[in-house]
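Colleague:
Protein chains in written order, with this note's numbering: chain Y, 1 to 352; chain R, 1 to 352.
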């Protein structure tokens with residue numbers, strides 16, 4: 001029981017990964033404090049932590065004003081840092097909002113950590129998005145950083161803060177670069193959270209999934225429980241060999257396969273194959289697969305849940321709690337196109 | 001005459017590199033508009049452009065408020081983007097100030113460029129600082145990005161904006177990663193602008209140069225005229241093979257050699273060798289040298305001015321204009337240590 005009696009802070013603990021992580025931490029005997037200000041569009045959902053209500057402390061505070069929860073920082077043993085804007089599309093529409101949430105707030109929070117809890121372990125949730133269009137596959141941690149959207153730029157800046165403050169001993173940071181994570185407690189009603197959210201929403205609404213072209217681009221979705229285990233390992237490892245780890249899924253699947261498997265699991269009508277609009281085809285990022293050997297070698301982590309049982313478990317969870325995740329009055333959230341840039345928006349659409 | 005009749009915008013045009021570049025552009029027949037709000041500590045000096053006063057337009061505007069000079073953006077053919085905070089020490093003392101100047105302002109400025117002058121060539125002045133402690137030498141463009149200070153994080157975020165907006169066709173950006181640049185018009189009265197500024201200041205004040213330990217760490221200083229030529233080539237190249245180029249000097253010299261050569265050129269008293277404080281020795285970044293082959297292959301650029309004549313020219317310039325660069329009332333600006341982090345400050349001191 002690595003976390004028994006540990007005081008743990010989870011920023012963004014009402015969100016998808018943060019809530020699943022908090023639930024596991026409570027199960028492992030940790031004292032969990034969640035910092036979450038439920039920023040619109042960032043996926044916070046109080047229902048996510050229903051299984052542990054009353055067993056966790058929830059602080060409704062903005063990460064950009066860490067003075068408000070300084071005592072919580074001072075008291076904690078480990079920080080899991082998952083707060084952030086996750087929508088690539090939002091970031092293109094409102095880049096300064098994204099900069100504020102993902103970079104400015106992280107700077108203030110980490111400076112407070114360095115002052116108040118010097119040397120504290122901080123595990124940060126980064127994303128494969130920072131790699132942009134792959135130069136090669138599978139992508140390891142040395143792949144060039146070439147994000148295709150503001151979200152990627154700002155999340156990478158925050159990860160550089162973690163690395164830089166760790167190099168000088170002010171915090172003890174670890175950065176996990178996550179591929180597409182899916183499973184229970186993922187937001188389904190926030191527009192443009194990636195294709196897995198869209199797929200799940202359509203299946204739950206008995207709509208056919210839609211795939212452009214031949215759908216042969218690869219993705220390697222990772223099930224939430226596997227992602228949570230990566231966080232737990234990174235948070236408790238004594239001596240880290242590295243400070244940046246890729247976290248990928250167990251299978252390289254085509255969008256095609258993903259759609260077919262999910263459709264079968266849902267008992268939904270068949271997949272619709274639509275012609276690939278030329279302008280999207282030209283800027284498609286192609287395939288993405290992860291080389292997770294570094295975290296396997298250093299921390300012994302490997303993904304264990306294949307997509308078939310994973311998507312079935314996710315669907316079962318949502319069916320049981322549908323009203324908590326889909327608002328029947330707004331069944332199909334739409335993405336508004338940024339005014340000044342059609343090209344950028346289309347690139348994003350292809351990239352997520 | 002590549003720039004005859006071209007309308008060119010130079011942000012940070014009153015600073016060290018910006019002013020030298022502006023003078024060359026005017027000589028080449030360009031219509032130059034300088035955007036510079038003379039932010040304290042960023043090296044702006046109106047005297048720098050004395051040779052071209054009356055021949056350039058100067059707009060006193062903050063890069064973070066580009067609406068104020070939208071027409072200048074709309075009218076221009078090429079943008080040289082050199083505005084920024086350059087002090088690593090300042091960035092550790094006031095990280096949010098650095099974030100505002102180097103990232104937030106760049107975001108607003110570049111979004112305005114994308115709207116007002118879509119597809120415009122923008123040449124951005126980045127720095128070797130983003131590479132941090134070298135994994136190998138000489139450093140090429142594929143070296144990992146691991147900045148050791150906030151300045152490096154924020155400058156790298158700005159360079160990612162350039163790359164990202166270029167990938168989507170909104171601007172046509174090029175990023176130059178400069179090694180230590182030296183020569184006429186460098187600020188000497190701003191604390192902690194790097195060891196070459198300190199060396200020049202001490203020589204001009206007839207103080208001996210000071211080197212810690214054996215001074216065998218390598219640096220490859222590049223003379224300002226060579227750096228300016230790299231900007232001119234990057235600004236006028238038709239089809240760029242790459243969007244990021246290292247710009248290094250012609251020689252790998254030890255700090256030792258640099259100090260001895262400069263001392264000889266200045267006719268100053270001998271170099272003082274002081275014991276290396278253990279805590280600094282432990283965090284010394286060691287040697288840095290640049291692999292500039294990419295810009296040689298693509299743009300035909302190579303550095304031509306060796307350190308001996310370069311430092312002599314710099315000294316001659318400053319001796320002729322000493323009162324414009326050194327305030328006798330504040331002969332030795334000092335660096336204030338950030339309150340919370342001795343270790344970070346010392347690392348910086350070793351890194352610049």
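Glycine is no exception: its CB is placed at the ideal position from the N, C-alpha and C atoms.
#1: Please classify residue 206 (chain Y) as buried or exposed, where buried requires at least 16 neighbouring CB atoms within 10 angstroms.
#2: Using a Cβ-Cβ distance cut-off of 7 Å, determine whether residue 134 (chain Y) contacts chain R.
#3: Can you tell which of R:197, R:232, R:244, R:258 has the C-alpha that lies nearest to the C-alpha of residue 218 (chain R)?
#4: Would you mind reading off the limits of the alpha helix (DSSP H) that contains residue 106 (chain Y)?
#5: If I'm right that residue 179 (chain Y) touches residue 290 (chain Y) with Cβ under 8 Å, what's the distance once you round it to whole angstroms?
#6: In terms of alpha-carbon separation, which member of R:286, R:246, R:38, R:202 lies closest to residue 133 (chain R)?
#7: Rounding to the nearest angstrom, what Cα-Cα distance links residue 212 (chain Y) and residue 194 (chain Y) in this structure?
#8: DSSP state of residue 151 (chain R), grouped into three classes?
#9: Spatial neighbours of residue 109 (chain Y) within its chain, please: CB distance less than 6 Å, with the 5 preceding and 5 following residues excluded, ordered by chain position.
#10: So with Cβ pairs under 7 Å, would you call residue 92 (chain R) a contact of chain Y?
#11: On the three-state DSSP scale, how would you describe residue 308 (chain Y)?
#12: Taking just the CA atoms, how far does residue 86 (chain Y) sit from residue 96 (chain R)?
#13: Nearest to residue 3 (chain R) by alpha carbon, out of R:15, R:21, R:203?
#14: Comparing C-alpha positions only, which one of R:147, R:159, R:171, R:165 sits nearest to residue 160 (chain Y)?
#15: Around the C-beta of residue 214 (chain Y), are 16 or more other C-beta atoms found within 10 angstroms, so that it is buried, or is it exposed?
#16: Given a limit of 8 Å on CB to CB distance, which residues of the region 86-114 of chain R reach chain Y?
#17: Mind checking which residues open and close the beta strand (DSSP E) that includes residue 247 (chain R)?
#18: Using 7 Å as the limit for Cβ to Cβ distance, is residue 205 (chain R) near chain Y?
#19: Please return the same chain residues whose Cβ sits closer than 7 Å to the Cβ of residue 98 (chain Y), not counting the five positions on each side in sequence.
#20: With a CB to CB cut of under 8 Å and the five nearest residues on each side skipped, what residues in its chain are close to residue 28 (chain Y)?
#21: Locate the beta strand (DSSP E) running through residue 172 (chain Y), then write down its first and last residues.
#22: To be precise: take each residue of the region 134-155 of chain Y, compare its Cβ to all Cβ atoms of chain R, and keep it if any distance is under 8 Å. Which residues remain?
#23: Let me check understanding here. Comparing Cα to Cα, which of R:51, R:118, R:196 lies closest to residue 254 (chain R)?
#24: Cβ closer than 7 Å: which chain R residues qualify as neighbours of residue 167 (chain Y)?
#25: According to DSSP, is residue 53 (chain Y) part of a helix, a strand, or is it coil?
#26: Using three-state DSSP, classify residue 212 (chain Y) as helix, strand or coil.
#27: Compare the beta carbon distance of residue 81 (chain R) and residue 122 (chain R) with 7 Å and say whether it is the shorter of the two.
#28: Kindly indicate if chain R contains any beta-carbon less than 7 Å away from that of residue 1 (chain Y).
#29: Out of Y:181, Y:275, Y:265, state which residue places its alpha-carbon closest to the alpha-carbon of residue 229 (chain Y).
#30: Could you say which of Y:294, Y:263, Y:269, Y:293 lies nearest to residue 309 (chain Y) if we only look at CA atoms?
#31: Considering only DSSP beta bridges, list what residue 126 (chain Y) is partnered with.
#32: Residues of chain R with CB closer than 7 Å to the CB of residue 163 (chain Y), please, in chain order.
#33: Check for me: the beta strand (DSSP E) holding residue 20 (chain R) runs from which residue to which?
#34: Between the Cα of residue 223 (chain R) and the Cα atoms of R:16, R:271, R:135, R:266, which residue gives the shortest distance?
#35: Helix or strand or just coil, what does DSSP make of residue 202 (chain Y)?
#36: For residue 31 (chain R), which of helix, strand or coil comes out of DSSP?
Modeller: On the basis of the coordinates in this document:
#1: exposed
#2: no
#3: R:258
#4: 105-116
#5: 5 Å
#6: R:286
#7: 15 Å
#8: helix
#9: 63, 66
#10: no
#11: helix
#12: 23 Å
#13: R:21
#14: R:147
#15: exposed
#16: 95, 96, 99, 103, 104, 107, 108, 111, 114
#17: 244-247
#18: no
#19: 85, 90, 91, 150, 151, 154
#20: 1, 2, 3, 4, 232
#21: 172-178
#22: 142, 144, 145, 146, 147, 148, 149, 150, 152, 153, 154
#23: R:196
#24: 148
#25: coil
#26: strand
#27: yes
#28: no
#29: Y:181
#30: Y:263
#31: Y:177
#32: 146
#33: Run containing residue 20 (chain R): none in the beta strand (DSSP E); it sits in the alpha helix (DSSP H), 16-27.
#34: R:16
#35: helix
#36: strand
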